[in-house]
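>
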Amino acid sequence: MKVLMVCLGNICRSPLADGILRHKVNKLKLNIEVDSAGTANYHEGEAPDRRMIETARLRGIDISILKARQFKKNDFQIFDQIYVMDQNNYRNVIQLADTETEKDKVKLLLQAINNYQALEVPDPYYGNQDDFDEVYNMVDRATDAIIDAFLKNEKR
Ligand code: 4NP
2 MKVLMVCLGN ICRSPLADGI LRHKVNKLKL NIEVDSAGTA NYHEGEAPDR RMIETARLRG
62 IDISILKARQ FKKNDFQIFD QIYVMDQNNY RNVIQLADTE TEKDKVKLLL QAINNYQALE
122 VPDPYYGNQD DFDEVYNMVD RATDAIIDAF LKNEKR
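Using the numbering used here, the first residue of the sequence shown is number 2, and each one after it goes up by one.
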């Protein structure tokens, strides 16, 4: 299975989601490939935001080697599941889809968690450390849920 995490800049939320899921997948030796992208190209080629690198590092996850890239139409061909962080990302990605099959691959990340109240992972770019920690906790739970669903599917 191939999973793509998508946010706006690909320097805060989606590299974190990429790094956390990758870490868990490696630990459990699962056959899941993980990548991330941004709907915008403002930060193309840049490493993740320093505050997000630090937030992840404190929990034992290294995202410092990731490099931002823009989401492209071809990603619909490559990935099975495309997780977006908020409704804006959703609109921007869906606009590039040609078919219903492509559209069906796109989901809000927090929809991976059953009965979760919030739907959007908020953009922490203009926020403080609490905002970065909140994003971490949301993404941590959502990536657990993605793995649980993958394992359940495998057993069927
Ligand atoms: P991200 O956060 O979408 O989680 O990577 C942002 C990063 C940069 C900007 C916006 C959001 N920006 O406007 O530069």
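Every residue, glycine too, gets a C-beta built ideally from N, C-alpha and C.
Please list, in chain order, all residues of the same chain as residue 8 whose beta carbon is under 7 Å from its beta carbon, the five residues on each side excluded.
Against the sequence shown, residue 8 aligns to sequence position 7. Hits under 7 Å: 14, 15, 39, 86 and 90.
> Answer with buried or exposed for residue 120, where buried requires no fewer than 16 other C-beta atoms within 10 angstroms of its C-beta.
Taking the first residue of the sequence shown as position 1, residue 120 is located at position 119. Exposed: under 16 other Cβ atoms inside 10 Å.
> Can you find a heavy atom of the ligand 4NP that lies under 6 Å from the Cβ of residue 54?
Taking the sequence shown and counting its residues from 1, one reaches residue 54 at position 53. Every heavy atom of the ligand 4NP is 6 Å or more from the Cβ of residue 54, so no.
> Using only the heavy atoms of the ligand 4NP, determine whether one of them is closer than 6 Å to the beta carbon of residue 46.
To locate residue 46, count along the sequence shown from 1; it is residue 45. It does not: the Cβ of residue 46 is nowhere closer than 6 Å to a heavy atom of the ligand 4NP.
> Could you give the C-beta distance for residue 47 and residue 69, rounded to a whole number, given that I count them as a contact under 8 Å?
Along the sequence shown, one-based indexing puts residue 47 at 46. Along the sequence shown, one-based indexing puts residue 69 at 68. Yes, residue 47 and residue 69 are in contact; Cβ-Cβ is about 5 Å, under 8 Å.
> Work out the CA separation of residue 27 and residue 137 for me, nearest whole Å.
Your numbering for residue 137 matches position 136 in the sequence shown. Your numbering for residue 27 matches position 26 in the sequence shown. Distance between the alpha carbons of residue 137 and residue 27: 19 Å.
> For the ligand 4NP, is there any heavy atom lying closer than 6 Å to the beta carbon of residue 14?
By one-based count along the sequence shown, residue 14 stands at place 13. Yes, since a heavy atom of the ligand 4NP falls inside the 6 Å radius drawn around the Cβ of residue 14.
> Please name the residue in 99, 127, 102 and 140 whose C-alpha comes closest to that of residue 109.
For the purposes of this step, residue 109 is identified with residue 108 of the sequence shown, where counting begins at 1. It is 140.
> Report the option in 102, 71 and 144 whose CA atom is closest to the CA atom of residue 43.
The sequence position of residue 43 within the sequence shown is 42, counting from 1. Of 102, 71 and 144, the residue nearest in Cα terms is 71.
> Of the choices 98, 5, 124 and 144, whose alpha-carbon is the least far from that of residue 88?
Position 87 of the sequence shown holds residue 88. Nearest option by C-alpha distance: 124.
> Starting from the Cα of residue 4, find the closest Cα among 11, 101 and 22 and give me that residue.
Counted from its first residue, the sequence shown places residue 4 at position 3. Checking every option, the nearest Cα to that of residue 4 belongs to 22.
> Any heavy atom of the ligand 4NP closer than 6 Å to the beta-carbon of residue 126?
If you number the sequence shown from 1, residue 126 lands on position 125. Residue 126: yes, Cβ under 6 Å from the ligand 4NP.
> Taking 6 Å as the line, does the beta carbon of residue 110 fall inside it for any heavy atom of the ligand 4NP?
Position 109 of the sequence shown holds residue 110. Outside the cutoff, so no.
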